[in-house]
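Positions 6 to 400 (this note's numbering) are the ones given, in order, by the sequence shown. Ideal Cβ positions, reconstructed from N, Cα and C, are used throughout, including at glycine.
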Amino acid sequence: MHGVPIAVKDQMWTKGIRTTGGSRILADFVPDEDATVIAKLKDAGAVLLGKTNLSEFAITPFSHRFSLPRNPWDLDLSAGGSSSGSGAATAAFLCATSLGEDTGGSIRRPAAWCGLVGMRPTWGLVSRYGLMKGIWSMDTVGPISRSVADAAITLGAIAGHDHKDPYSWNKPVPDYLGALDGDISGVRIGVVSELLHDEVVEPETRDVVQRAIAVLGELGALVEEVSIPLTAHANTVSSILLAAEPAQNQREWVLDRLEDYGHDNRIGLLVGSLMPGVAYLKAQKLRSMLRQQVHETLENYDVLVSPTAGRPAVARQDDPVITSKEMAGRMPYMRTNTFNLSSTPAVSVPCGFNSGSLPIGLQVAGRPGGDATVLKVAHAYEQATSWHTMRPPHA
């Protein structure tokens, strides 16, 4: 990556450079060392242009404490969250590639809404040393790029064991770029019916994704629908964990500096602080059952596919006030949480546009450690279509 200009989400430590986590609580925090992923990028020769904006501490899609990023496809729409700045910057050609972090879809959502490739690697493939944490068993650093090849190159640079992160995999890093040969003949692809045929998936989005799936079949893949029933509960399980664990991680700030949080985070952290232990335990049990269903399904399929989101980008919202139970669950259309909960790799790749000329993403997920296969399938689809060549009007 010698000379490649990159941007990184301001959730990762950068030596001598302010690292806020998107929060005013850390407005003046300057780390004295780099996160491992930053050190690896520097070792690979990449040039850090700067840090990108994010929603506060990457545990909410709505509380942006340092202004609200815009989507280059329509400046009045959201760039996604929580890696909103990385998505906007990459789509606007402000950098060649970028890093985001994905706990519940925070790489893939900006990628889908900004017409990009966003990769959530297998949990443990990439070191998280120097990353501000949300949920320790789900946080994952990965690339947001304009092509699958760029994402593969970026992932290859940051992947690998790190003695500073005892949960990182101590295995050789595959040649992700070399795996992109375009040949997916005989690859077994399961279309997750619960993630596709759901009322929260807009008809236009469903049609675009189904056409993309048909292309995979034309390329020689063996495609059929499959049922994973517990995916219906993935968003609920993820929301419980994303309330409880950050509340524990930041309990001193919640007690002493609650007024310094954005509204959305104040509500979420208070809920997490008061949540009964039995609710957290039930969420973890459901997570284990869902993970088992996903892994058992992947014994019969090489990858699983679905929409990344049930709809294109929504209007920009500057930390809207929660006034009802319905507003508390404002993103039921996201299709990403299943694969965070199951610790599996997943990538979003552009697969078309709606009638309003807004990009739509196809999600491809695979077995733990099967990142190369996931990228291979996404690349084959990408090269058979022209969606990744489209440039937003505000770039």
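### Sequence-distant residues of the same chain with beta carbon closer than 6 Å to Ala101, five excluded per side
Val9, Pro10.
### Query
Is Gly273 near Ile140, with beta carbons less than 8 Å apart?
No, the pair does not count as a contact, with Cβ atoms beyond the cut-off.
### Query
What is the DSSP secondary structure of Pro312, counted as helix, strand or coil?
Reduced to three states, the DSSP call for Pro312 is strand.
### Query
Taking just the CA atoms, how far does Gln298 sit from Ala32?
Going by C-alpha positions, Ala32 is about 42 Å away from Gln298.
### Message
Does the contact criterion of 3 or more C-beta pairs under 8 Å hold for the region 11 to 18 versus the region 93 to 112?
### Response
Three or more Cβ pairs closer than 8 Å define a contact, and the region 11 to 18 meets that threshold against the region 93 to 112.
### Query
Using 8 Å as the threshold, is the region 125 to 141 in touch with the region 166 to 173, meaning 3 or more CB pairs across them?
Segments in contact, yes.
### Task
Could you spell out the range, first to last residue, of the alpha helix (DSSP H) harbouring Lys169?
First-last for Lys169: undefined, no H or E at that position.
### Message
Pull the bridge partners of Arg125 from the DSSP assignment, please.
### Response
In DSSP, Arg125 forms a bridge with Ala351.
### Query
When the Cα atoms are used, what is the spatial distance from Val35 to Thr24?
If I take the Cα positions, the gap works out to 6 Å.
### Query
Are the Cβ atoms of Ile112 and Ile149 separated by less than 8 Å?
Less than 8 Å divides the Cβ of Ile112 from the Cβ of Ile149.
### Query
Of the residues Leu227, Val42, Glu199, Thr302, which one's Cα is nearest the Cα of Gly161?
Checked all of Leu227, Val42, Glu199, Thr302; the closest Cα to Gly161 is Val42.
### Message
Across the region 347 to 354 and the region 364 to 375, are there enough close Cβ pairs to call them in contact, namely three or more that are closer than 8 Å?
### Response
With a cut-off of 8 Å, the region 364 to 375 and the region 347 to 354 count as touching, because enough Cβ pairs lie within range.
### Task
Indicate whether Leu59 and Ser83 have their beta-carbon atoms separated by less than 8 Å.
Pairing Leu59 with Ser83 gives a Cβ-Cβ distance that is not under 8 Å.
### Between the CA atoms of Val220 and Tyr386 - distance to the nearest angstrom
Approximately 7 Å between the Cα atoms of the pair.
### Query
If you compare alpha carbons, which of Phe98, Asp324, Thr378, Asp376 is closest to Cys119?
That would be Phe98, whose Cα lies nearest to the Cα of Cys119.
### Message
Considering only their Cβ atoms, is the gap separating Glu204 from Ser232 smaller than 8 Å?
### Response
The answer is no: Cβ separation not under 8 Å.
### Task
Would you kindly work out how many angstroms separate the C-alpha atoms of Asn326 and Gly183, rounded to a whole number?
In the sequence on display, residue 326 carries Val and not Asn. In this structure, the alpha-carbon of Val326 lies about 48 Å from that of Gly183.
### Query
How far does the beta strand (DSSP E) with Val146 in it reach, from first residue to last?
Element bounds for Val146: 146 to 150.
### Task
Answer with buried or exposed for Pro177, where buried requires no fewer than 16 other C-beta atoms within 10 angstroms of its C-beta.
Under a 10 Å Cβ-count criterion, Pro177 is classified as exposed, with fewer than 16 other Cβ atoms of the shown protein chains found around its own Cβ.
### Query
Which first and last residues belong to the alpha helix (DSSP H) in which Gly277 is found?
That run of the alpha helix (DSSP H) goes 268 to 279.
### Task
Use the C-beta contact count for Glu230: other C-beta atoms within 10 angstroms, 16 or more gives buried, fewer gives exposed.
By the 10 Å Cβ count, Glu230 comes out exposed.
### Message
Can you tell me which residues form a DSSP beta bridge with Ile194?
### Response
Beta-bridge pairing links Ile194 to Val228, Val308.
### Cβ distance (whole Å) where Ser152 is taken to contact His399 below 8 Å
Their Cβ separation, rounded to whole angstroms, is 20 Å, which puts Ser152 and His399 out of contact at 8 Å.
### Query
If Pro337 sits next to Asn270, beta carbons under 8 Å apart, how far is it from one beta carbon to the other, in whole angstroms?
Between the beta-carbon of Pro337 and that of Asn270 there is about 20 Å, and that puts the pair past the 8 Å contact cut.
### Message
Assuming contact is defined by CB atoms lying nearer than 8 Å, are Leu309 and Leu303 in contact in what I supplied?
### Response
Taking a C-beta distance under 8 Å as the contact criterion, Leu309 and Leu303 qualify as a contact pair.
### Query
What number of angstroms, rounded off, separates the C-alpha of Cys265 from the C-alpha of Ala156?
Looking at the sequence provided, one finds Asp at residue 265 rather than Cys. Spanning the two alpha carbons is a distance of roughly 35 Å.
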